[in-house]
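Peer 1: I'd like to ask you about the structure that follows.
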Amino acid sequence: MTSVDIIVPCYNEEEGLALFYQETQKILDGMTGYAFTYILVDDGSSDKTLTVMKQLAAADSHVKYLSFSRNFGKEAAMYAGLSASRSDLVIIMDADLQHPPAMIPEMMKGIEEGYDCCAASRSSRKGEAPIRSFFSRMFYHLSNRMTNVKMAYGAVDFRIMTRQMVDAILKLSEVERFSKGIFAWVGFKTKWYPYENVERTVGTSKWSFWGLFRYALDGITSFSIVPLRLVSLMGVVISLGAFIYILITLTQTLLFGIDVPGYVTTLCAVLFLGGIIELSLGIVGEYIAHMYMEAKNRPIYILKQSNLNDN
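The sequence shown begins at 3 in my numbering and counts up one residue at a time.
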């Protein structure tokens, strides 16, 4: 019998966690040849998420939980779940039922066909704000153009992976994590399963627009140095433009005499160059921040309590 761990990152999922378990269990009960274990990861929730986890664990010995000392983020929760998993196969999915449990049997067939990973991707973003969908498309476009790591458009964290792929992911233990990029970076043979976007039935999204923007920026800077090269290119272009302008000014001075510099032209040039300098410092600062966080060598998460070792 093939053992399977289901890793579920949870942050303030008190309202929907029990429903997630019930709906998922309905699907798992119809699958033979697999032994499923839930690994629920409480990412420092401020509600009664941990209490619900303990209730589920008391009713089902196949439910395990981890609880952080504070909120470390979904990336840390997924890493903790992967680190705790010991099974032949590992499933990662959200607790809000936006990752349809009904897809698990179909995705499992892909693993049986010899794929190392079967992953879901949203074919549409129905129900999502248009501005959010636009920036999502832009992120995937820019990321695939600027990095050597190619991500499928609409890729989500919902996936089934072999033990070999999970072990490879765990070797990448950086603190500033971007799992979608890591999943692609380690390689392995992946089969994609498109699905229609599913809106939350209970609870609200924990992602703000600014949080998603920061997450996208971390994703690009974690796997590409193209922004740094763009800074260098801007420096070359501006220097070349300045040199040409100096030649033109010298020529006009020699031929027509000295002109009084225009106030507006000078002000525009100063503001433009100042903006370029600030932008360049910001881009360089992002990379320095990554190095700073990694150099401190802090743990990715701190575990407060767990029932993993309970019989």
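Ideal Cβ positions, reconstructed from N, Cα and C, are used throughout, including at glycine.
It should be emphasised that the depicted structure is a prediction, and the values quoted were computed from it without experimental measurement.
Since residue 122 and residue 197 are thought to touch, with beta carbons under 8 Å apart, how far apart are those beta carbons, to the nearest angstrom?
Peer 2: To locate residue 122, count along the sequence shown from 1; it is residue 120. To locate residue 197, count along the sequence shown from 1; it is residue 195. Confirmed, Cβ separation roughly 6 Å.
Peer 1: One question on the structure: do residue 51 and residue 77 come within less than 8 Å of each other, judged by their Cβ atoms?
Peer 2: Position 49 of the sequence shown, counting from 1, holds the residue named residue 51. Position 75 of the sequence shown, counting from 1, holds the residue named residue 77. Against a cut-off of 8 Å, the Cβ pair of residue 77 and residue 51 comes out as no contact.
Peer 1: Would you mind working out which of 250, 304 and 177 sits nearest residue 69, comparing C-alpha positions?
Peer 2: Translated into the one-based positions of the sequence shown, residue 69 becomes position 67. The shortest Cα separation from residue 69 among 250, 304 and 177 belongs to 304.
Peer 1: Taking all protein chains shown into account, do 16 or more other C-beta atoms lie within 10 angstroms of the C-beta of residue 111, making it buried, or fewer, making it exposed?
Peer 2: Here residue 111 refers to the residue found at position 109 of the sequence shown. Per the 10 Å Cβ criterion, exposed.
Peer 1: With a threshold of 16 other CB atoms inside 10 Å of the CB of residue 64, please say whether the residue is buried or exposed.
Peer 2: As a working note, residue 64 is residue 62 in the sequence shown. Exposed is the call here.
Peer 1: Checking 8 Å against the spacing of the C-beta atoms, do residue 90 and residue 228 come in under that value?
Peer 2: The residue you call residue 90 lines up with position 88 of the sequence shown. The residue you call residue 228 lines up with position 226 of the sequence shown. It is not a contact, given that the beta carbons lie outside the stated cut-off.
Peer 1: Can you say whether residue 66 is buried or exposed, counting buried as having 16 or more other CB atoms within 10 angstroms of its CB?
Peer 2: Residue 66 sits at position 64 when you count from the first residue of the sequence shown. Under this definition residue 66 is a buried residue.
Peer 1: The beta strand (DSSP E) spanning residue 7 covers which residue range?
Peer 2: Mapped onto the sequence shown, residue 7 falls at position 5. Taken as a continuous stretch (DSSP letters only), the beta strand (DSSP E) holding residue 7 covers 4 to 12.
Peer 1: One question on the structure: do residue 58 and residue 12 come within less than 8 Å of each other, judged by their Cβ atoms?
Peer 2: Counting from one through the sequence shown, the residue named residue 58 turns up at place 56. Counting from one through the sequence shown, the residue named residue 12 turns up at place 10. Judged by beta-carbon spacing, residue 12 lies beyond the 8 Å limit of residue 58, meaning their Cβ atoms are not closer than that value.
Peer 1: Roughly how many whole angstroms lie between the Cα atoms of residue 115 and residue 278?
Peer 2: Indexing the sequence shown from 1 puts residue 115 at position 113. Indexing the sequence shown from 1 puts residue 278 at position 276. Rounded to the nearest whole angstrom, the C-alpha separation of residue 115 and residue 278 is 52 Å.
Peer 1: Measure the C-alpha to C-alpha separation of residue 170 and residue 272 and round it to an integer number of angstroms.
Peer 2: If you number the sequence shown from 1, residue 170 lands on position 168. If you number the sequence shown from 1, residue 272 lands on position 270. Distance between the alpha carbons of residue 170 and residue 272 is about 50 Å.
Peer 1: Report the CB separation of residue 119 from residue 80 in whole angstroms; it is logged as a contact under 8 Å.
Peer 2: Within the sequence shown, the letter at position 117 stands for residue 119. Within the sequence shown, the letter at position 78 stands for residue 80. So it is not a contact: roughly 14 Å between Cβ atoms.
Peer 1: On the three-state DSSP scale, how would you describe residue 22?
Peer 2: Here residue 22 corresponds to residue number 20 of the sequence shown, with the count starting at 1. Helix.
Peer 1: Would you decide whether residue 2 is buried or exposed? Buried here means 16 or more other CB atoms lie within 10 Å of its CB.
Peer 2: Here the chain has residues from 3 to 313 only, and residue 2 is not among them.
Peer 1: Do residue 160 and residue 95 have their CB atoms nearer than 8 Å?
Peer 2: As a working mapping, residue 160 is identified with position 158 in the sequence shown. As a working mapping, residue 95 is identified with position 93 in the sequence shown. For residue 160 and residue 95, yes; Cβs fall inside 8 Å.
Peer 1: In whole angstroms, what separates the C-alpha of residue 83 from that of residue 293?
Peer 2: Walking along the sequence shown from the start, residue 83 turns up at place 81. Walking along the sequence shown from the start, residue 293 turns up at place 291. Whole-angstrom Cα-Cα distance: 25 Å.
Peer 1: Among the candidates 195, 113 and 156, whose CA atom is the shortest distance from the CA of residue 166?
Peer 2: Within the sequence shown, numbered from 1, the residue matching residue 166 stands at position 164. It is 113 whose Cα lies nearest to the Cα of residue 166.
Peer 1: Are the Cβ atoms of residue 97 and residue 29 separated by less than 8 Å?
Peer 2: Working through the sequence shown from its first residue, we reach residue 97 at position 95. Working through the sequence shown from its first residue, we reach residue 29 at position 27. Not in contact: residue 97 and residue 29 (Cβ atoms no closer than 8 Å).
Peer 1: Just reading off the beta strand (DSSP E) that residue 66 is part of, what are its end residues?
Peer 2: Reading the sequence shown from its first residue, position 64 is the one you call residue 66. Looking at the DSSP string, the run of the beta strand (DSSP E) that includes residue 66 is 65 to 70.
Peer 1: Counting only runs that start and end within the region 66 to 111, where is the beta strand (DSSP E) found for 3 or more residues in a row?
Peer 2: 91 to 94
Peer 1: Please determine, among 183, 172 and 44, the residue with the shortest C-alpha to C-alpha distance to residue 307.
Peer 2: By one-based count along the sequence shown, residue 307 stands at place 305. It is 44.
Peer 1: If you compare alpha carbons, which of 177, 25, 176 and 168 is closest to residue 188?
Peer 2: Locating residue 188 in the sequence shown gives position 186, where the first residue counts as 1. Among 177, 25, 176 and 168, the Cα nearest to that of residue 188 belongs to 168.
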